[in-house]
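When we follow this note's numbering, the leftmost residue of the sequence shown carries the number 390, and every step to the right adds one. Quick reminder that beta carbons are idealized off the backbone N, C-alpha and C, glycines included. Comments concern the structure below.
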Amino acid sequence: MPSTFGSTSPSQSPSRSRSRRRLLAAAGGCLATVFAGCAGDGSESTTESSASEGPPDGGFDSTHEYESLFVRADDPDPFVYRSEDEAEDAQDDETVAHRLSRLFVVDESAAADLWIEPGLADEDESEIRDFLEATDFESQSVVVHQRTIEDCYERRLLGIEARDDEYRARFCQTLKAPMTPCEADRELMEAILVRIDRSYAERPSTSGGSEHMSCPDSTTPDAGESDGSESDRGGGTDTDGNDSSTGSSETTDGGEDE
390 MPSTFGSTSP SQSPSRSRSR RRLLAAAGGC LATVFAGCAG DGSESTTESS
440 ASEGPPDGGF DSTHEYESLF VRADDPDPFV YRSEDEAEDA QDDETVAHRL
490 SRLFVVDESA AADLWIEPGL ADEDESEIRD FLEATDFESQ SVVVHQRTIE
540 DCYERRLLGI EARDDEYRAR FCQTLKAPMT PCEADRELME AILVRIDRSY
590 AERPSTSGGS EHMSCPDSTT PDAGESDGSE SDRGGGTDTD GNDSSTGSSE
640 TTDGGEDE
């Protein structure tokens with residue numbers, strides 16, 4: 390499928406993006422299939438988009454222009470690590486997964502050190518590497534969010550705040566387009582790479598964000614086309630990918646990555 394890109398200026402409406410989607414898994418591979426629906430029938434996909442403002446529903450406006458790349462794997466485990474050593478440590482230390490929920494890539498050396506799980510499709514790994522290589526770390530930074538998501542849902546990036554020593558992102562989830570098969574209750578890992586038009590010398594001391602379990606009807610998705618069908622599932626997700634008991638939640642952490 391040909392690639393398309395979209396962007397906005399700070400004076401335009403948020404997230405006016407055209408998306409690229411590549412669904413890689415074969416049809417008929419699911420034991421439990423429902424029509425919820427995806428723009429395809431697989432479990433792995435990538436989407437790239439750009440925007441410059443936050444949501445129109447009263448949330449914060451983005452402080453900087455940004456571009457995003459969504460890459461979805463076919464299992465719920467993290468697949469991007471700061472280094473191969475960290476990937477090995479993750480096999481024996483469950484706390485590593487928590488630290489992988491937000492990775493800050495602030496220079497070319499950190500980008501080169503990123504280790505991607507070999508089980509990820511070659512095309513998806515290439516998408517990630519190309520996205521990093523296209524970054525000008527003199528004026529830009531990349532944040533890698535890793536969050537789980539159910540197969541029948543898609544995630545949208547509504548906006549970011551990138552201040553001197555603070556970073557926040559706001560997400561929402563919505564059902565995929567109708568009449569496309571997906572597997573109910575199947576949890577997958579999704580990496581969202583956000584390239585911000587500001588450079589960080591190091592990871593901000595404070596970072597956080599929020600995710601709502603429904604999206605504003607008027608919001609054009611960063612993560613693919615949708616007809617606005619959505620569902621409040623009675624639970625939110627914090628920025629570390631952990632389920633919470635409210636319709637939305639916000640988390641903040643501080644200090645260096647451990």
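Spell out the partners DSSP gives residue i in its beta bridges.
| i | result |
| --- | --- |
| V531 | V494 and R584 |
| R488 | Per DSSP, none; premise fails for R488. |
| M578 | T537 |
| I549 | A558 |
| P567 | Beta-bridge pairing links P567 to no other residue. |
| E543 | T563 |
| Y589 | Y589 pairs with nothing; no bridge assigned. |
If we count the other Cβ atoms within 10 Å of its Cβ and call it buried at 16 or more, is residue i buried or exposed?
| i | result |
| --- | --- |
| D540 | buried |
| D474 | exposed |
| E512 | exposed |
| P507 | exposed |
| Q480 | exposed |
| S432 | Because the pLDDT of S432 is 37, which lies under 50, any placement of that residue in the model is unreliable, and the question is left without a value. |
| P570 | buried |
| A573 | exposed |
| S596 | buried |
| T484 | exposed |
| E516 | buried |
| D482 | exposed |
| T452 | buried |
| M568 | exposed |
Using only alpha-carbon positions, find the residue among the options that is nearest to residue i.
| i | options | result |
| --- | --- | --- |
| A501 | R471, Q535 and S588 | R471 |
| A699 | A499, V469, F493 and S498 | This structure cannot speak to residue 699, because the chain is shown only from 390 to 647. |
| F560 | E600, R552 and Q535 | E600 |
| P588 | S530, S515, Y556 and D463 | With the sequence shown as reference, residue 588 is identified as Ser, and Pro is not the correct amino acid for it. When only C-alpha atoms are compared, the closest one is S530. |
| D519 | S594, S457 and D482 | S457 |
| T563 | E543, E572 and E516 | E543 |
| G535 | D450, P465 and Y455 | At residue 535 the sequence reads Gln, which differs from the Gly that was named. The option with the nearest alpha carbon to Q535 is P465. |
| G598 | E477, Y556, R488 and R592 | Y556 |
| E591 | D553, R545 and P570 | D553 |
| R491 | D482, P467 and E514 | P467 |
| R545 | S603, S451 and T484 | S603 |
| Y455 | A462, I549 and I517 | I549 |
| L489 | V532, D450, D463 and F459 | V532 |
| A547 | D496, P605 and D482 | The question names Ala, yet the displayed sequence has Leu at residue 547. It is P605 whose Cα lies nearest to the Cα of L547. |
| I505 | S451, P593, R461 and M568 | R461 |
| S594 | E527, A551, A510 and D478 | A551 |
| S498 | P567, D450, E527 and L509 | E527 |
| F493 | A558, D450 and E477 | A558 |
| A476 | L503, D463 and T452 | L503 |
| L509 | A566, D463 and V495 | D463 |
Any beta carbon from chain D within less than 8 Å of residue i's own beta carbon?
| i | result |
| --- | --- |
| E473 | Note that chain D does not occur in the displayed structure, where there is just one protein chain. |
Closer than 7 Å to a non-hydrogen atom of the ligand PLP - does that hold for the CB of residue i?
| i | result |
| --- | --- |
| E527 | As far as ligands go, the structure on display features none, and thus does not contain the ligand PLP. |
Contact the stretch 573-581 vs the stretch 538-555: 3+ CB pairs below 8 Å: Inter-segment contact for the stretch 573-581 and the stretch 538-555 is present: three or more beta-carbon pairs are separated by less than 8 Å.
task: Say whether the stretch 518-526 touches the stretch 578-592, bearing in mind that this needs 3 or more beta-carbon pairs closer than 8 Å, one atom from each stretch.
output: Yes: at least three Cβ pairs fall under 8 Å.
field: Any alpha helix (DSSP H) of 4 or more consecutive residues that is wholly inside the stretch 500-527
entry: Listed in chain order, the complete alpha helix (DSSP H) runs (minimum 4 residues) inside the stretch 500-527 are 511-522.
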